[in-house]
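Chemist:
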Amino acid sequence: MHASEPSDGQLIERVASGDKRAFEELHRRYARAVLGLALRRLGDRGRAEDASQEAFVAIWRSARTYDPSRGSGAPWLYAVVRNAITDGLRRTPNPVAELEDQPGGEPDPSEEAEASWTAWRVHRALEVLPEHERPVVEMGYWRGLSQSEIALQLGIPLGTVKTRTRSALARLADALEGELR
Amino acid sequence: MSERRPNFDDLVGTDLEAGERARLLRVHELLIQAGPPPELGADATVVALRPRRRRVALAGLAAALGVGLFATGAIVGNRGGPGTFAVVTMTGTAYTTGLNASLTIFDVDDAGNWPMELEVEGLEPSPDRRPFELWLTRKGKLAALCGSFLAEADGRTVVPLNAPYRLKDFDGWVVVVEGSESPLLTT
Chain A
1 MHASEPSDGQ LIERVASGDK RAFEELHRRY ARAVLGLALR RLGDRGRAED ASQEAFVAIW
61 RSARTYDPSR GSGAPWLYAV VRNAITDGLR RTPNPVAELE DQPGGEPDPS EEAEASWTAW
121 RVHRALEVLP EHERPVVEMG YWRGLSQSEI ALQLGIPLGT VKTRTRSALA RLADALEGEL
181 R
Chain B
1 MSERRPNFDD LVGTDLEAGE RARLLRVHEL LIQAGPPPEL GADATVVALR PRRRRVALAG
61 LAAALGVGLF ATGAIVGNRG GPGTFAVVTM TGTAYTTGLN ASLTIFDVDD AGNWPMELEV
121 EGLEPSPDRR PFELWLTRKG KLAALCGSFL AEADGRTVVP LNAPYRLKDF DGWVVVVEGS
181 ESPLLTT
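Listed in order, the protein sequences are those of chains A and B. According to this note's numbering, the first sequence is numbered sequentially starting from 1. According to this note's numbering, the second sequence is numbered sequentially starting from 1.
Laid out in structure tokens, this is it:
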């Protein structure tokens, strides 16, 4: 994130005063993270889309409750979104999704919560990557391609793949630094 | 989605200063823990990020893109408005009649990337939920991946994609299902 850009907390405060542009910026930053959290929780894309919309409505409505003295914006957003998704789950229970909370092969609730929080922060941070860096991260981490395969697919030299990957990780480290405090 | 764990040293090299290495290694671990974002997951597309729909006029493009680009004439788009570089039409093959698509190419950005919007009609989700991929082709072969997407259940899908390449190095586009080289849509 550039230093000149408003923080999440500043955007939430602006949303609280009815600033639609600030809301749009929050949406841009968090659309992926919100949908990812909803998918993780609900396990169904259609319901996750609905839950994502409800989550952003909840952000709009709840922005006045944000207190910057109690922490940065990301944890507040995460809590509001998580609650909105949980409320939606209660309204329209899904037997498949409910299995998540049952003992067995699934992680325990604290592990699941930590994993969700990690994914939330990381997926949000991906928004800082420029268009030419994001593909090398996606291909390297989530499509299982080697650096050589990435170079071949993108039609760029292997050294460029490494340079872009290193640069992307550095950007992500910068973006995640504040969130990890 | 691949189960292969990426190797940190392969990704960034071994010549990093210790502090920076530790910092990037932490991010590396977080990326693995987080898993893919929703548009890359098995059950997701990024509907929330879907761009605005826009229709643009069609006209000849080959000259605008340079010699050898899409000489088949399959590209019929041209500048359709501010920010739009071209529009490419794609059609189904003999085995996928009924499919068609429109690929809007927006003006190249400062980094040399071509933002695009692919609008597909008639393409239903693959039975095993594998994503579809848009590729640039050269001499009839898949040459450069421009992005992947999942189809909407109603057969109409609109997705933002990106081509970080010199377009004149290629001669067409195709849409395939991930892992296959058989085109479903071609220019």
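Cβ coordinates follow ideal geometry from the N, Cα and C atoms, glycine included.
(1) Step through the CB atoms of chain B and report whether any lies within less than 9 Å of the CB of A:L172.
(2) Can you check DSSP and say which residues form a bridge with B:R192?
(3) For B:G80 and chain A, any beta-carbon pair shorter than 9 Å?
(4) In the region 18-46 of chain A, which residue ranges form an unbroken alpha helix (DSSP H) of at least 4 residues, counting only runs that do not cross its ends?
(5) Mind listing, in chain order, the continuous alpha helix (DSSP H) runs of no fewer than 4 residues lying wholly within the region 144-171 of chain A?
(6) Comparing the C-beta of A:Q153 with each C-beta of chain B, is any distance below 9 Å?
(7) Does DSSP put B:A153 in a helix, in a strand, or in coil?
(8) Quick one: does B:D154 have its CB under 9 Å from some CB of chain A?
(9) Give me the residue from A:A58, A:T118, A:V161 and A:A170 with the minimum Cα distance to A:R40.
(10) Is B:P115 helix, strand or coil when you go by DSSP?
(11) Could you have a look at A:S116 and say whether DSSP puts it in helix, strand or coil?
(12) Could you check whether the region 123-132 of chain A touches the region 152-160 of chain B, counting it as contact only if at least three pairs of C-beta atoms, one from each stretch, sit closer than 8 Å?
(13) Are the C-beta atoms of B:I32 and some chain A residue less than 9 Å apart?
(14) Closest to A:S116 by CA distance: which of A:E24, A:G140 and A:L35 is it?
(15) Counting only C-beta atoms, is A:E24 closer than 9 Å to chain B at any point?
(16) Of all the options A:A55, A:F56, A:V57 and A:W76, which has the alpha carbon lying nearest to the alpha carbon of A:T65?
(17) Per DSSP, what kind of secondary structure is A:F56 in: helix, strand or coil?
(18) Measuring alpha carbon to alpha carbon, tell me which of A:F56, A:A16 and A:P135 ends up nearest A:A79.
(19) Rounding to the nearest angstrom, what Cα-Cα distance links A:P135 and A:D8 in this structure?
(20) So, B:T255 versus B:T91, is the Cβ gap smaller than 9 Å?
(21) Is B:P82 helix, strand or coil by DSSP?
(22) Could you please tell me which residues of the region 5-24 of chain B, in chain order, have their CB closer than 7 Å to any CB of chain A?
(23) With a threshold of 6 Å on Cβ separation, who are the neighbours of A:E127 within its own chain once the five nearest residues in sequence on each side are excluded?
(24) Is A:N83 helix, strand or coil by DSSP?
(25) Which residues in chain A sit within 9 Å of B:P127, going by Cβ to Cβ distance?
(26) DSSP three-state call for A:E13: helix, strand or coil?
(27) Mind reading off the beta-carbon distance from A:L37 to A:L26? Whole number of angstroms is fine, and I expect it under 8 Å.
(28) Just how far apart, CA to CA, sit A:S17 and B:P160?
(29) Go through its chain and collect everything with a Cβ distance to A:E98's Cβ below 6 Å, but skip five positions before and after it.
(30) Put B:V159 into one of helix, strand or coil per three-state DSSP.
(31) By the criterion of Cβ-Cβ separation under 7 Å, what are the contact partners of B:V108 in chain A?
(32) Show which residues of chain A have a CB atom less than 7 Å away from the CB atom of B:V27.
(33) In chain B, which residues lie less than 8 Å from A:K162 when you measure between Cβ atoms?
(34) Closer than 9 Å by beta-carbon distance: list the chain B residues that pair up with A:V122, in chain order.
(35) Measuring alpha carbon to alpha carbon, tell me which of B:E119, B:L25 and B:W135 ends up nearest B:P183.
Modeler: For this structure:
(1) Taking the first sequence and counting its residues from 1, the one referred to as residue 172 of chain A is at position 172. By this cut-off, A:L172 is an interface position.
(2) Outside the displayed span of chain B (1 to 187) sits residue 192 of chain B, for which this structure offers no information.
(3) As a working note, residue 80 of chain B is residue 80 in the second sequence. Here the model assigns B:G80 a pLDDT of 42, short of 50, so the residue's position is not dependable, and the following value carries that caveat. Chain A, which has no Cβ nearer than 9 Å to the Cβ of B:G80, makes this no.
(4) 20-42
(5) 147-154
(6) Mapped onto the first sequence, residue 153 of chain A falls at position 153. Taking Cβ atoms only, chain B reaches closer than 9 Å to A:Q153, which makes this a yes.
(7) Here residue 153 of chain B refers to the residue found at position 153 of the second sequence. The answer is coil: DSSP assigns B:A153 none of H, G, I, E or B.
(8) Your numbering for residue 154 of chain B matches position 154 in the second sequence. No, because no Cβ of chain A sits closer than 9 Å to the Cβ of B:D154.
(9) Here residue 40 of chain A is taken as the residue at index 40 of the first sequence, counted from 1. The shortest Cα separation from A:R40 among A:A58, A:T118, A:V161 and A:A170 belongs to A:T118.
(10) Stepping through the second sequence from its first residue, residue 115 of chain B is reached at position 115. DSSP places B:P115 in strand when its eight states are reduced to three.
(11) The sequence position of residue 116 of chain A within the first sequence is 116, counting from 1. Residue state, collapsed to three classes: helix.
(12) no
(13) As a position in the second sequence, residue 32 of chain B is number 32, starting the count at 1. By this cut-off, B:I32 is an interface position.
(14) In the first sequence, counting from the first residue as 1, residue 116 of chain A sits at position 116. Checking every option, the nearest Cα to that of A:S116 belongs to A:L35.
(15) Taking the first residue of the first sequence as 1, we reach residue 24 of chain A at position 24. Chain B contact via Cβ: absent.
(16) As a working mapping, residue 65 of chain A is identified with position 65 in the first sequence. That would be A:W76, whose Cα lies nearest to the Cα of A:T65.
(17) To locate residue 56 of chain A, count along the first sequence from 1; it is residue 56. Looking at A:F56 - three-state DSSP - the assignment turns out to be helix.
(18) Taking the first sequence and counting its residues from 1, the one referred to as residue 79 of chain A is at position 79. The shortest Cα separation from A:A79 among A:F56, A:A16 and A:P135 belongs to A:F56.
(19) Numbered from its first residue, the first sequence carries residue 135 of chain A at position 135. Numbered from its first residue, the first sequence carries residue 8 of chain A at position 8. Roughly 25 Å separates the two Cα atoms.
(20) Any property of residue 255 of chain B remains undetermined from this structure, which presents chain B solely from 1 to 187.
(21) As a position in the second sequence, residue 82 of chain B is number 82, starting the count at 1. Its pLDDT being 47, under 50, B:P82 is placed unreliably in this model, and the value from its coordinates should be taken loosely. If DSSP states are grouped into helix, strand and coil, B:P82 belongs with coil.
(22) P6, D10, L11, V12, G13, R23 and L24
(23) Counting from one through the first sequence, the residue named residue 127 of chain A turns up at place 127. So the list reads R29, once near-sequence residues are dropped.
(24) Residue mapping note: residue 83 of chain A aligns to position 83 of the first sequence, counting from 1. Three-state result, A:N83: helix.
(25) Here residue 127 of chain B refers to the residue found at position 127 of the second sequence. Per Cβ cutoff of 9 Å: no residues; B:P127 is ~16 Å from chain A at best.
(26) Along the first sequence, one-based indexing puts residue 13 of chain A at 13. A:E13: helix per DSSP, three-state reduction.
(27) Reading the first sequence from its first residue, position 37 is the one you call residue 37 of chain A. Reading the first sequence from its first residue, position 26 is the one you call residue 26 of chain A. Their Cβ separation, rounded to whole angstroms, is 15 Å, which puts A:L37 and A:L26 out of contact at 8 Å.
(28) Here the question's residue 17 of chain A lines up with position 17 in the first sequence. Here the question's residue 160 of chain B lines up with position 160 in the second sequence. Whole-angstrom Cα-Cα distance: 32 Å.
(29) The residue given as residue 98 of chain A occupies position 98 in the first sequence. Low per-residue confidence applies at A:E98: pLDDT is 36, beneath 50, and the placement is therefore not dependable, though the value from the model is reported in the following sentence. Excluding residues within five positions, none has a Cβ falling inside 6 Å.
(30) Residue 159 of chain B sits at position 159 when you count from the first residue of the second sequence. Three-state result, B:V159: strand.
(31) Within the second sequence, residue 108 of chain B is the residue found at index 108, counting from 1. Chain A residues near B:V108: none, gap ~11 Å exceeds 7 Å.
(32) To locate residue 27 of chain B, count along the second sequence from 1; it is residue 27. The contacting residues are L169, L172, A173 and L176.
(33) Counted from its first residue, the first sequence places residue 162 of chain A at position 162. The answer, in chain order, is L11, V12 and G13.
(34) Start at 1 with the first residue of the first sequence, and residue 122 of chain A comes out as number 122. What A:V122 touches in chain B: V27, L30, L31, Q33, A34, G35 and P37.
(35) In the second sequence, counting from the first residue as 1, residue 183 of chain B sits at position 183. When only C-alpha atoms are compared, the closest one is B:W135.
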